[in-house]
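All remarks here apply to the structure that follows.
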Amino acid sequence: EPQPAPSPEQAVEAIGKPTSQQIARSHELLESLPEALRKAAREPYGARGVIYALLLDADFTSCQRQFERLAAEADPAVYRSTIQLHKLTETLPRESRLPLVDICLAPLKDLSPEQYERFRENMHALAAADNRLSLFEWTLQKVVSHVLDPHFGRKRKRRTN
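For the sequence shown, my numbering gives the first residue as 8, with consecutive numbering after it.
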(Lines of atoms letter the chains of each structure in order from A; the text may use other names.)
(Lines give C-alpha, C1' and ligand atoms only; values in the text may rest on other atoms or scores of the structure.)
Protein backbone atom coordinates (compact mmCIF):
# COMPACT_ATOMS: atom_id res chain seq x y z
CA GLU A 8 0.00 0.00 0.00
CA PRO A 9 1.47 3.39 -0.98
CA GLN A 10 2.62 5.61 1.85
CA PRO A 11 1.97 9.37 1.87
CA ALA A 12 4.96 11.42 0.77
CA PRO A 13 7.01 12.77 3.67
CA SER A 14 7.19 16.49 4.32
CA PRO A 15 10.47 18.19 3.35
CA GLU A 16 11.40 18.34 7.04
CA GLN A 17 10.72 14.61 7.47
CA ALA A 18 12.73 13.82 4.35
CA VAL A 19 15.74 15.80 5.60
CA GLU A 20 15.46 14.19 9.04
CA ALA A 21 15.42 10.71 7.45
CA ILE A 22 18.68 11.17 5.50
CA GLY A 23 21.17 8.54 6.60
CA LYS A 24 18.56 6.72 8.68
CA PRO A 25 17.07 4.03 6.45
CA THR A 26 14.17 2.01 7.80
CA SER A 27 14.38 -1.78 8.02
CA GLN A 28 11.96 -1.93 5.06
CA GLN A 29 14.24 0.31 2.98
CA ILE A 30 17.29 -1.79 3.86
CA ALA A 31 15.45 -4.99 2.95
CA ARG A 32 14.33 -3.45 -0.37
CA SER A 33 17.92 -2.38 -1.13
CA HIS A 34 19.13 -5.93 -0.56
CA GLU A 35 16.38 -7.26 -2.85
CA LEU A 36 17.34 -4.81 -5.59
CA LEU A 37 21.03 -5.67 -5.35
CA GLU A 38 20.33 -9.41 -5.34
CA SER A 39 18.12 -9.04 -8.41
CA LEU A 40 20.98 -7.57 -10.45
CA PRO A 41 22.62 -9.93 -12.94
CA GLU A 42 25.77 -11.44 -11.42
CA ALA A 43 27.91 -10.11 -14.29
CA LEU A 44 26.82 -6.54 -13.48
CA ARG A 45 27.46 -6.95 -9.75
CA LYS A 46 30.89 -8.42 -10.44
CA ALA A 47 31.84 -5.71 -12.95
CA ALA A 48 30.66 -2.94 -10.62
CA ARG A 49 33.12 -4.07 -7.94
CA GLU A 50 36.33 -3.38 -9.86
CA PRO A 51 37.64 -0.19 -11.54
CA TYR A 52 37.54 -1.30 -15.20
CA GLY A 53 34.12 -2.88 -14.87
CA ALA A 54 32.73 0.02 -12.83
CA ARG A 55 33.62 2.44 -15.62
CA GLY A 56 31.96 0.09 -18.11
CA VAL A 57 28.82 -0.08 -15.97
CA ILE A 58 28.55 3.72 -15.71
CA TYR A 59 29.14 4.13 -19.45
CA ALA A 60 26.62 1.38 -20.28
CA LEU A 61 23.98 3.04 -18.09
CA LEU A 62 24.45 6.27 -20.05
CA LEU A 63 24.06 4.72 -23.51
CA ASP A 64 21.04 6.07 -25.33
CA ALA A 65 18.12 3.92 -26.50
CA ASP A 66 18.16 5.82 -29.81
CA PHE A 67 20.32 3.86 -32.26
CA THR A 68 21.99 6.90 -33.87
CA SER A 69 22.85 8.50 -30.53
CA CYS A 70 24.10 5.19 -29.19
CA GLN A 71 26.32 4.74 -32.25
CA ARG A 72 27.86 8.20 -31.63
CA GLN A 73 28.41 7.28 -28.00
CA PHE A 74 30.19 4.05 -28.94
CA GLU A 75 32.36 5.98 -31.42
CA ARG A 76 33.33 8.37 -28.61
CA LEU A 77 34.25 5.47 -26.33
CA ALA A 78 36.19 3.67 -29.08
CA ALA A 79 38.29 6.82 -29.53
CA GLU A 80 38.57 8.06 -25.94
CA ALA A 81 38.07 5.21 -23.46
CA ASP A 82 40.57 2.61 -22.36
CA PRO A 83 40.19 -0.33 -24.82
CA ALA A 84 39.38 -2.82 -22.04
CA VAL A 85 36.73 -0.47 -20.64
CA TYR A 86 35.27 -0.02 -24.13
CA ARG A 87 34.98 -3.80 -24.56
CA SER A 88 33.45 -4.11 -21.09
CA THR A 89 30.88 -1.42 -21.94
CA ILE A 90 29.79 -3.31 -25.07
CA GLN A 91 29.23 -6.49 -23.03
CA LEU A 92 27.52 -4.73 -20.12
CA HIS A 93 25.22 -2.71 -22.37
CA LYS A 94 23.25 -5.86 -23.15
CA LEU A 95 22.56 -6.23 -19.42
CA THR A 96 21.85 -2.58 -18.59
CA GLU A 97 19.37 -2.16 -21.47
CA THR A 98 16.78 -4.26 -19.66
CA LEU A 99 17.65 -3.19 -16.12
CA PRO A 100 14.63 -1.92 -14.15
CA ARG A 101 14.82 1.79 -13.44
CA GLU A 102 14.83 1.32 -9.66
CA SER A 103 17.97 -0.86 -9.90
CA ARG A 104 20.11 1.74 -11.66
CA LEU A 105 21.13 4.03 -8.80
CA PRO A 106 21.90 1.14 -6.41
CA LEU A 107 24.16 -0.22 -9.17
CA VAL A 108 25.86 3.19 -9.50
CA ASP A 109 26.40 3.16 -5.74
CA ILE A 110 28.30 -0.15 -5.95
CA CYS A 111 30.58 1.38 -8.60
CA LEU A 112 31.71 4.34 -6.48
CA ALA A 113 34.23 2.63 -4.18
CA PRO A 114 36.18 0.88 -6.99
CA LEU A 115 36.25 4.13 -9.00
CA LYS A 116 38.27 5.68 -6.16
CA ASP A 117 41.09 3.32 -7.18
CA LEU A 118 41.53 5.04 -10.56
CA SER A 119 44.61 7.16 -11.13
CA PRO A 120 43.91 10.91 -11.38
CA GLU A 121 44.45 10.71 -15.15
CA GLN A 122 42.06 7.76 -15.48
CA TYR A 123 39.46 9.64 -13.43
CA GLU A 124 39.70 12.75 -15.62
CA ARG A 125 39.25 10.66 -18.75
CA PHE A 126 36.35 8.76 -17.15
CA ARG A 127 34.71 12.01 -16.06
CA GLU A 128 35.06 13.59 -19.52
CA ASN A 129 33.62 10.48 -21.19
CA MET A 130 30.76 10.31 -18.69
CA HIS A 131 29.78 13.92 -19.44
CA ALA A 132 30.16 13.41 -23.20
CA LEU A 133 27.95 10.30 -23.15
CA ALA A 134 25.25 12.10 -21.19
CA ALA A 135 25.33 15.05 -23.62
CA ALA A 136 25.42 12.95 -26.81
CA ASP A 137 21.73 13.37 -27.63
CA ASN A 138 21.67 17.08 -26.68
CA ARG A 139 19.20 16.31 -23.89
CA LEU A 140 19.94 15.57 -20.25
CA SER A 141 17.53 13.12 -18.62
CA LEU A 142 16.89 13.22 -14.89
CA PHE A 143 18.80 9.93 -14.55
CA GLU A 144 21.82 11.25 -16.51
CA TRP A 145 21.87 14.40 -14.39
CA THR A 146 21.54 12.42 -11.14
CA LEU A 147 24.23 9.91 -12.13
CA GLN A 148 26.70 12.69 -12.95
CA LYS A 149 25.91 14.55 -9.71
CA VAL A 150 26.30 11.43 -7.55
CA VAL A 151 29.58 10.43 -9.19
CA SER A 152 30.99 13.97 -9.05
CA HIS A 153 29.83 14.55 -5.47
CA VAL A 154 31.54 11.40 -4.21
CA LEU A 155 34.62 11.24 -6.44
CA ASP A 156 35.59 14.84 -7.24
CA PRO A 157 36.74 15.59 -3.66
CA HIS A 158 38.63 12.27 -3.57
CA PHE A 159 40.57 13.31 -6.68
CA GLY A 160 41.17 16.86 -5.43
CA ARG A 161 38.66 18.59 -7.70
CA LYS A 162 37.15 21.67 -6.10
CA ARG A 163 33.40 22.07 -6.11
CA LYS A 164 32.14 25.03 -8.05
CA ARG A 165 30.40 27.50 -5.79
CA ARG A 166 27.10 28.83 -6.98
CA THR A 167 26.87 32.56 -7.30
CA ASN A 168 23.52 34.29 -7.35
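Every residue gets a Cβ at the ideal spot worked out from N, C-alpha and C, and that includes glycine. From a predicted model like this one, the values you see are computed outputs, not experimental measurements.
Subject >> Reference residue 70, options 83, 94 and 53, closest by Cα >> reply: Taking the sequence shown and counting its residues from 1, the one referred to as residue 70 is at position 63. For residue 70, the nearest C-alpha among the options comes from 94.
**OP:** Report the residue ranges of all beta strand (DSSP E) runs contained in full by the stretch 18–48; include only those spanning at least 3 residues, in chain order.
**Re:** none
Original post:
Considering only residues of the stretch 125–166, which uninterrupted alpha helix (DSSP H) runs meet the minimum length of 4 residues and lie entirely inside it, listed in chain order?
Top reply: 142–158
Subject >> Coarse secondary structure for residue 94, derived from DSSP in three states >> reply: On the sequence shown, position 87 is the one that residue 94 refers to. Looking at residue 94 - three-state DSSP - the assignment turns out to be helix.
Original post:
Just to confirm, are residue 120 and residue 50 a CB contact at a threshold of 8 Å?
Top reply: To locate residue 120, count along the sequence shown from 1; it is residue 113. To locate residue 50, count along the sequence shown from 1; it is residue 43. No; because the gap between Cβ atoms is not below 8 Å, this pair is not in contact.
Subject >> Neighbourhood of residue 104 by C-beta distance below 7 Å, restricted to the same chain and skipping five residues each side >> reply: The residue given as residue 104 occupies position 97 in the sequence shown. Here the set comprises 61 and 143.
**OP:** For residue 74, count neighbouring C-beta atoms within 10 Å of its own C-beta (all shown protein chains included) and say buried if the count is 16 or more, exposed if not.
**Re:** Position 67 of the sequence shown holds residue 74. By the neighbour-count rule (16 or more Cβ atoms within 10 Å), residue 74 is buried.
Original post:
Which term fits residue 160, buried or exposed, when burial requires 16 or more other beta carbons within 10 angstroms of its beta carbon?
Top reply: The sequence position of residue 160 within the sequence shown is 153, counting from 1. Exposed, since its Cβ has fewer than 16 Cβ neighbours within 10 Å.
Original post:
In angstroms, rounded to a whole number, what distance separates the CA positions of residue 99 and residue 40?
Top reply: Within the sequence shown, numbered from 1, the residue matching residue 99 stands at position 92. Within the sequence shown, numbered from 1, the residue matching residue 40 stands at position 33. The alpha-carbon atoms of residue 99 and residue 40 are separated by roughly 8 Å.
Subject >> Sequence-distant residues of its chain with Cβ nearer than 7 Å to residue 91 (five each side left out) >> reply: Taking the sequence shown and counting its residues from 1, one reaches residue 91 at position 84. There are no such residues.
Original post:
Roughly how many angstroms lie between the CA atoms of residue 15 and residue 89, to the nearest whole one?
Top reply: For the purposes of this step, residue 15 is identified with residue 8 of the sequence shown, where counting begins at 1. For the purposes of this step, residue 89 is identified with residue 82 of the sequence shown, where counting begins at 1. Distance between the alpha carbons of residue 15 and residue 89 is about 38 Å.
Original post:
So what does DSSP say about residue 109, is it helix, strand or coil?
Top reply: Your numbering for residue 109 matches position 102 in the sequence shown. Note: residue 109 maps to helix in three-state DSSP.
Original post:
Are the stretch 23–30 and the stretch 75–88 in contact at 8 Å, needing three or more beta carbon pairs?
Top reply: no
**OP:** Measure the C-alpha to C-alpha separation of residue 47 and residue 110 and round it to an integer number of angstroms.
**Re:** As a first step, residue 47 must be located in the sequence shown, where it is residue number 40. As a first step, residue 110 must be located in the sequence shown, where it is residue number 103. Looking at the two C-alpha atoms, the distance is approximately 10 Å.
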